[in-house]
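First the structure, in the form of structure tokens, and then the observations on it.
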Amino acid sequence: MVPSQVAEQATLEGPKTFLVLFKARNYDRLSRDNAIEATVDAVRAVSPSWRISPHSPSVMICVNVLRSVACISMLEHFDRYRKYNIAELLASNIVKSQQSDVS
Numbered sequence: 014m015v016p017s018q019v020a021e022q023a024t025l026e027g028p029k030t031f032l033v034l035f036k037a038r039n040y041d042r043l044s045r046d047n048a049i050e051a052t053v054d055a056v057r058a059v060s061p062s063w064r065i066s067p068h069s070p071s072v073m074i075c076v077n078v079l080r081s082v083a084c085i086s087m088l089e090h091f092d093r094y095r096k097y098n099i100a101e102l103l104a105s106n107i108v109k110s111q112q113s114d115v116s
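In terms of the working numbering, the sequence shown opens at residue 14 and continues consecutively.
Given below as structure tokens:
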């Protein structure tokens, strides 16, 4: 079996900054630190120009472990889109529109 990080082309090209977000539910065999370290190693093996940025990453790599299934997502503009949460995104748009109405 060929590892997916080697077989697939990355769609995000050029130097980027990233951060790894790890969550595990109903699984205690994999520690947070080990999962983050393995993810960072895999990213650096595929794209050495990518750098870790804890304050303003351009890509958030989310690693979610649900029992024995691992889900990995690469999300651009994670903070701008309010963690991809529709309720937070709509709430921030409502506040912005109310502020513009007051002005």
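Backbone N, C-alpha and C define an ideal beta-carbon position, used for all residues, glycine too.
Option in the options with minimal Cα separation from residue i
i   : options            : result
P28 : S60, A55, A51      : S60
E89 : S44, V72, A100     : V72
T30 : R45, M87, V76, S81 : M87
V56 : L102, S44, V33     : V33
N47 : R80, V76, S81, Y97 : V76
N39 : S81, A58, I74      : S81
Y97 : A37, I74, V78, A83 : I74
Residue burial classification, residue i (beta-carbon count within 10 angstroms, cutoff 16)
i   : result
M14 : In this prediction, M14 scores a pLDDT of 47, lower than 50, which makes its location untrustworthy; no coordinate-derived value is stated.
I99 : exposed
E21 : Residue confidence for E21 is low, a pLDDT of 44 falling below 50, so the modelled location carries little weight; the figure read from the coordinates is stated next. Classification for E21: exposed.
Beta-bridge pairing of residue i - partner residues as DSSP gives them
i    : result
E101 : Answer is none; E101 lacks a bridge partner.
T30  : R64
V76  : F35, I85
For residue j and residue i, believed in contact at Cβ under 8 Å, the rounded distance
i   : j   : result
R45 : F35 : 5 Å
- prompt: Below 8 Å, can you find three or more Cβ-Cβ pairs linking the segment 49-66 to the segment 97-106?
  reply: no
task: Could you tell me whether the segment 90-97 touches the segment 44-61, using the rule of 3 or more Cβ pairs below 8 Å?
output: no
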